[in-house]
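Colleague:
Protein chains: 2
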Amino acid sequence: MTIRVLITDDHKVVRRGLRGFLELDPALEVVGEAGNGEEAVAMAQRLEPDVVLMDLLMPVMDGVEATRQIRRRLPEVEVVALTSVLEDVSVTGAIKAGAIGYLLKTTEADELCDAIKAAAAGKVQLAPEAAVHLVREVRAPESPEALTGRETQVLKLVAQGKANKQIARELSIDESTIKSHVHSILSKLNVKSRTQAALHAVYVGLVSADELGEESR
Amino acid sequence: MTIRVLITDDHKVVRRGLRGFLELDPALEVVGEAGNGEEAVAMAQRLEPDVVLMDLLMPVMDGVEATRQIRRRLPEVEVVALTSVLEDVSVTGAIKAGAIGYLLKTTEADELCDAIKAAAAGKVQLAPEAAVHLVREVRAPESPEALTGRETQVLKLVAQGKANKQIARELSIDESTIKSHVHSILSKLNVKSRTQAALHAVYVGLVSADELGEESR
DNA sequence: GCGGGTCTCCACCTAAAGGTTGAGAGGTGG
DNA sequence: CCACCTCTCAACCTTTAGGTGGAGACCCGC
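First to last, the protein sequences are chains A and B. Add 81 to the 1-based position in the first sequence for my numbering, that's all there is to it. Add 81 to the 1-based position in the second sequence for my numbering, that's all there is to it.
1. When the Cα atoms are used, what is the spatial distance from Ser-165 (chain A) to Ala-115 (chain B)?
2. Establish whether the CB of Val-95 (chain B) and some CB of chain A are separated by less than 9 Å.
3. Using the three-state DSSP reduction, which class does Asp-91 (chain B) fall into: helix, strand or coil?
4. Rounding to the nearest angstrom, what Cα-Cα distance links Glu-244 (chain A) and Arg-154 (chain A) in this structure?
5. When you compare the CB positions of Val-205 (chain B) and Val-235 (chain B), do they come within less than 9 Å of one another, or not?
6. List the DSSP bridge partners of Glu-192 (chain A).
7. Check whether the Cβ of Ala-240 (chain A) lies closer than 9 Å to any Cβ atom in chain B.
8. Can you have a look at Gln-126 (chain B) and say buried or exposed, based on whether 16 or more other CB atoms are within 10 angstroms of its CB?
9. Quick one: using the 10 Å Cβ neighbour count with 16 as the cut-off for buried, is Pro-156 (chain B) buried or exposed?
10. In three-state terms, what does DSSP make of Met-82 (chain B)?
11. For the beta strand (DSSP E) holding Leu-236 (chain B), just list the boundary residues, first then last.
12. Residues of chain A with CB under 7 Å from Asp-191 (chain B), in chain order?
13. Would Gly-98 (chain A) be called buried (16 or more neighbouring beta carbons within 10 Å of its own) or exposed?
14. Along chain B, which residues have their Cβ under 7 Å away from the Cβ of Arg-275 (chain A)?
15. Look at the alpha carbon of Arg-100 (chain B) and the alpha carbon of Gly-113 (chain A), and state the distance between them as a whole number of angstroms.
16. Measure how close the beta-carbons of Asp-91 (chain A) and Thr-187 (chain B) come, nearest whole angstrom, since I'm counting them as under 8 Å.
17. My output table needs one value for Met-142 (chain A): the three-state DSSP class, helix, strand or coil.
18. Out of curiosity, what's the CA-to-CA distance linking Ser-265 (chain B) and Val-283 (chain B)?
19. At a CB-CB cut-off below 9 Å, which residues of chain B make contact with Lys-186 (chain A)?
20. Where do the N-terminal and C-terminal ends of the alpha helix (DSSP H) with Glu-120 (chain A) fall, by residue?
21. Please confirm whether Ala-178 (chain B) and Val-161 (chain B) have their CB atoms less than 9 Å apart.
22. Rounded to whole angstroms, how far is the Cβ of Lys-132 (chain A) from the Cβ of Val-172 (chain A), which I believe are closer than 8 Å?
23. Beta carbons nearer than 7 Å to chain A: which residues of the region 128-161 of chain B have them?
24. Could you tell me whether the Cβ atoms of Met-135 (chain A) and Glu-119 (chain A) are closer together than 9 Å?
25. Kindly list, in the order they appear in chain A, the residues whose Cβ is closer than 9 Å to that of Leu-99 (chain B).
26. If the cut is a Cβ gap below 8 Å, which residues of chain A does Ser-253 (chain B) touch?
27. For Val-111 (chain B), write down the residues that DSSP places opposite it in a beta bridge.
28. Are there 16 or more other CB atoms within 10 angstroms of the CB of Leu-105 (chain A), so buried, or fewer, so exposed?
29. From the DSSP output, in three-state form, read off Val-158 (chain A) for me.
30. Taking CB distances under 9 Å as the criterion, tell me whether Val-283 (chain A) reaches chain B.
31. Taking C-beta pairs closer than 7 Å, name the residues in chain B that Ser-34 (chain A) reaches, listed in chain order.
32. I'd like to check one pair, Leu-228 (chain B) with Lys-269 (chain B): are the Cβ atoms closer than 9 Å?
33. Against Leu-228 (chain A), what residues of chain B qualify as contacts under a CB-to-CB distance less than 8 Å, listed in chain order?
34. Please list, in chain order, all residues of the same chain as Leu-128 (chain B) whose beta carbon is under 8 Å from its beta carbon, the five residues on each side excluded.
35. For Thr-164 (chain A), which three-state DSSP category applies?
36. What's the gap between the Cα of Ile-151 (chain B) and the Cα of Leu-109 (chain B)?
Here it is, written out as structure tokens:
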């Protein structure tokens, strides 16, 4: 009985590489490839694989959200996150979304196969680098003091280099309201300036590199 | 006579995928794989490939610098940049460093092979998306209006979320001087606020993700 | 219904950021 | 030597950002 694997990555080259890696192991069978989160969810429902290899950074629907949806709809399907970037939020975000493993793209073929088998058996398998981040998170609960929807929205605009006045125009509310939100954001993120907040947003991936605002290029 | 190709990427999965793609074409021969810029330069000298496939985002030595060194030492070796991110600076940076092609990792196998053959023949091959950036650069020379050493130094600190006063203390000069520098920076970068300047700095890689300043995490 | 949170806005304030002009010291290259 | 650039600082100004306190409207769960 082989383990059926669905590969998800927006880069065909990477999918090809993963397929190559997995085909080295006769116990594994690649049943499909998805190019974004939406495809991954749809294909997971249709194919019902044992394990989904999920890239986290993707267009259309990111891997964390895709993981969440797959796990909600198909609890028996295990998801292993696989990414090139290593960030606190990605690690904990993926785990919270229901991923059972977290691997880096620097992984060797055999480690990858091992992790997939472990996942199929319901066992957690983390890259040591990811484990470090997870431990850090657990030890310092970080009390992220979650931002509200509106605050997140404002922070995104701040992280695009926009001024309060401009944000106010864009959201069609008063500038004083923006100030209120920014104030909350600064205090919740425990930073001292909008610049720090913006950098934080970039750091945690709230905005992607190509959203940094026209005027900052 | 086959075209000898050297693959450079820090992710083994990607190298495996590229190898798989290239092996589909009998006219191409993968003669080696390098995991970072330094390795790429060394292997290029030893193997003297016809074309080097070069990832731009790598540790140890980035692809632009590696491209520059390879082109300087081995002018007969063509370099094709291959990356997942699409940025103005990467495109023009890679071309200036001597790359003859610029492809995205979303490329299909046959396009990739075509591009390598074109490169081996000394022909330019750009992903349409990259061409857009290049054209934009040429049309608006962007007059990078290079920052001076001191300005770069100040910008780095700005991009760590620090206030003028704090930067002044750190550099042991007056805050008014910092203001002067920041003013020059904003005008040279053609941005309107320190936040935009900071984002710009991050965007062009002046600071790495893990230098974003203690206070912004 | 009532507490709690969110979103909205107000007024008033201080601090920081940014614009403008000017200027002196030091270095470099023609 | 002179022109040019960089780095430094100054004074003065306007604008933006951020802090504080309060308030009304809305929604949701107990």
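From the three backbone atoms N, C-alpha and C, an ideal C-beta is built for every residue, glycine too.
Modeller: Straight from the coordinates:
1. Taking the first sequence and counting its residues from 1, the one referred to as residue 165 (chain A) is at position 84. Taking the second sequence and counting its residues from 1, the one referred to as residue 115 (chain B) is at position 34. Straight-line Cα distance between these residues: approximately 17 Å.
2. On the second sequence, position 14 is the one that residue 95 (chain B) refers to. At least one beta carbon of chain A lies nearer than 9 Å to the beta carbon of Val-95 (chain B).
3. Your numbering for residue 91 (chain B) matches position 10 in the second sequence. Three-state DSSP puts Asp-91 (chain B) in coil, outside helix and strand.
4. Locating residue 244 (chain A) in the first sequence gives position 163, counting from the first residue. Locating residue 154 (chain A) in the first sequence gives position 73, counting from the first residue. Here residue 244 (chain A) is Ala; the residue named in the question, Glu, does not match the sequence. Straight-line Cα distance between these residues: approximately 41 Å.
5. Numbered from 1 along the second sequence, position 124 holds the residue referred to as residue 205 (chain B). Numbered from 1 along the second sequence, position 154 holds the residue referred to as residue 235 (chain B). Val-205 (chain B) places its beta carbon 9 Å or farther from that of Val-235 (chain B).
6. Working through the first sequence from its first residue, we reach residue 192 (chain A) at position 111. According to DSSP, which records beta bridges pairwise, Glu-192 (chain A) is partnered with nothing at all.
7. Along the first sequence, one-based indexing puts residue 240 (chain A) at 159. Look at Ala-240 (chain A): its C-beta is under 9 Å from a C-beta on chain B.
8. Position 45 of the second sequence, counted from the first residue, corresponds to residue 126 (chain B). Classification for Gln-126 (chain B): exposed.
9. In the second sequence, residue 156 (chain B) corresponds to position 75, counting from 1. It is exposed - the Cβ of Pro-156 (chain B) has fewer than 16 other Cβ atoms within 10 Å.
10. Sequence index remark: in the second sequence, residue 82 (chain B) carries index 1 (1-based). Three-state DSSP puts Met-82 (chain B) in coil, outside helix and strand.
11. Along the second sequence, read from residue 1 onward, the residue named residue 236 (chain B) stands at position 155. Annotation: Leu-236 (chain B) is outside any beta strand (DSSP E); the continuous alpha helix (DSSP H) that includes it extends over 230-239.
12. Reading the second sequence from its first residue, position 110 is the one you call residue 191 (chain B). Correct list: empty, because the minimum Cβ distance to chain A is about 11 Å.
13. Walking along the first sequence from the start, residue 98 (chain A) turns up at place 17. Residue environment for Gly-98 (chain A): buried (at least 16 other C-beta atoms within 10 angstroms of its C-beta).
14. Taking the first residue of the first sequence as position 1, residue 275 (chain A) is located at position 194. Simply Thr-276.
15. Here residue 100 (chain B) corresponds to residue number 19 of the second sequence, with the count starting at 1. Here residue 113 (chain A) corresponds to residue number 32 of the first sequence, with the count starting at 1. Rounded to the nearest angstrom, the two C-alpha atoms are 20 Å apart.
16. In the first sequence, residue 91 (chain A) corresponds to position 10, counting from 1. In the second sequence, residue 187 (chain B) corresponds to position 106, counting from 1. Confirmed, about 7 Å.
17. On the first sequence, residue 142 (chain A) is found 61 positions in, with the first residue counted as 1. Per DSSP, reduced to three states, the secondary structure at Met-142 (chain A) is coil, with no helix or strand assignment.
18. In the second sequence, the residue the question calls residue 265 (chain B) occupies position 184. In the second sequence, the residue the question calls residue 283 (chain B) occupies position 202. Going by C-alpha positions, Ser-265 (chain B) is about 18 Å away from Val-283 (chain B).
19. Translated into positions along the first sequence, residue 186 (chain A) becomes position 105. The contacting residues are Asp-91, His-92, Lys-93, Val-94 and Val-95.
20. As a working mapping, residue 120 (chain A) is identified with position 39 in the first sequence. Residues 118-128.
21. Counting from 1 along the second sequence, the entry for residue 178 (chain B) is found at position 97. Counting from 1 along the second sequence, the entry for residue 161 (chain B) is found at position 80. Their beta carbons are not under 9 Å apart, which means Ala-178 (chain B) does not touch Val-161 (chain B) by this criterion.
22. Start at 1 with the first residue of the first sequence, and residue 132 (chain A) comes out as number 51. Start at 1 with the first residue of the first sequence, and residue 172 (chain A) comes out as number 91. Just to set this straight, residue 132 (chain A) is Val in the shown sequence, not Lys. With a Cβ gap of about 19 Å, Val-132 (chain A) and Val-172 (chain A) do not count as contacting.
23. Within the region 128-161 of chain B, no residue places its CB atom closer than 7 Å to a CB of chain A.
24. In the first sequence, counting from the first residue as 1, residue 135 (chain A) sits at position 54. In the first sequence, counting from the first residue as 1, residue 119 (chain A) sits at position 38. For Met-135 (chain A) and Glu-119 (chain A), no; Cβs fall outside 9 Å.
25. Against the second sequence, residue 99 (chain B) aligns to sequence position 18. Identification of chain A residues near Leu-99 (chain B) by a Cβ-Cβ cut-off of 9 Å yields Val-94, Arg-97 and Gly-98, ordered along the chain.
26. As a working mapping, residue 253 (chain B) is identified with position 172 in the second sequence. Ordered by position in chain A, no residue passes the 8 Å Cβ test against Ser-253 (chain B), which lies about 22 Å from the chain.
27. As a position in the second sequence, residue 111 (chain B) is number 30, starting the count at 1. Paired residues: B:Val-86.
28. The count along the first sequence starts at 1 and reaches residue 105 (chain A) at position 24. So Leu-105 (chain A) ends up on the exposed side.
29. As a position in the first sequence, residue 158 (chain A) is number 77, starting the count at 1. Correct three-state label for Val-158 (chain A): coil.
30. In the first sequence, counting from the first residue as 1, residue 283 (chain A) sits at position 202. With 9 Å as the cut-off, Val-283 (chain A) counts as an interface residue toward chain B.
31. As displayed, chain A neither begins before 82 nor continues past 298, which places residue 34 (chain A) out of reach and without an answer.
32. What you label residue 269 (chain B) is simply residue 188 of the second sequence in a count that begins at 1. What you label residue 228 (chain B) is simply residue 147 of the second sequence in a count that begins at 1. Yes. Within cutoff.
33. Taking the first residue of the first sequence as position 1, residue 228 (chain A) is located at position 147. Chain B residues near Leu-228 (chain A): none, gap ~15 Å exceeds 8 Å.
34. Along the second sequence, read from residue 1 onward, the residue named residue 128 (chain B) stands at position 47. Excluding the 5 residues flanking it on each side, Leu-128 (chain B) has same chain C-beta neighbours closer than 8 Å at Arg-85, Leu-87, Val-112 and Gly-113, in chain order.
35. To locate residue 164 (chain A), count along the first sequence from 1; it is residue 83. Strand at Thr-164 (chain A).
36. Translated into the one-based positions of the second sequence, residue 151 (chain B) becomes position 70. Translated into the one-based positions of the second sequence, residue 109 (chain B) becomes position 28. Each residue's alpha carbon lies about 20 Å from the other.
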